[in-house]
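The sequence shown runs -10 to 112 under our numbering.
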Amino acid sequence: MPHLTVEYSRNLAGLPERELLRALNEAVTAHPEIADESDLKSRLVVHDTFQVGTAPNARAFVHARLALLSGRTPEAKRELSHLVAGVLRRQLPRPAGLQVALSVEIVDMDRPSYVKEMLPAAD
-10 MPHLTVEYSR
0 NLAGLPEREL
10 LRALNEAVTA
20 HPEIADESDL
30 KSRLVVHDTF
40 QVGTAPNARA
50 FVHARLALLS
60 GRTPEAKREL
70 SHLVAGVLRR
80 QLPRPAGLQV
90 ALSVEIVDMD
100 RPSYVKEMLP
110 AAD
């Protein structure tokens, strides 16, 4: 906990994947709601097959989903979504003629049913 998944369309050429993940992790873990930076697990998922709307315009998308254990205030969730959106705005490439749809959602994970373990390294 938390888990950050960023999905994006393949036509968003030049996305700086490692730099983006680093910037997102730094922003999210700096928020006071995140107790331990090592708790954040982030990943990028690229989609080869996608459709944005119905118009023939050149379009791309980026959607971030930050899953947190339930119990955060609406204000904290809003702050975190704005932090993530800000990093994405700064880091995303803007190819000429390509319209990019950007979205961020915060999702509550059910605290009583969530399981988290740290498995020791094998000898």
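The C-beta atom is built at its ideal place from N, Cα and C for all residues, glycine as well.
Write down the C-beta distance between Phe51 and Val89 rounded to the nearest angstrom, noting that I regard them as a contact closer than 8 Å.
Looking at the sequence provided, one finds Val at residue 51 rather than Phe. With 8 Å as the limit, Val51 and Val89 qualify as a contact, their Cβ atoms being about 6 Å apart.
For Lys66, write down the residues that DSSP places opposite it in a beta bridge.
According to DSSP, which records beta bridges pairwise, Lys66 is partnered with nothing at all.
Nearest by alpha-carbon distance to Leu69: which of Leu33, Leu87, Ser92 and Glu8 is it?
Ser92
Ignore the nearest five residues each way along the sequence and tell me which others in Phe39's own chain have a CB closer than 6 Å to its CB.
Ser(-2)
Taking the DSSP output, what are the residues bridged to Leu(-7)?
For Leu(-7), the beta-bridge partners assigned by DSSP are Ser31 and Leu55.
Touch check for the stretch -2 to 18 and the stretch 77 to 85: three-plus C-beta pairs under 8 Å?
yes
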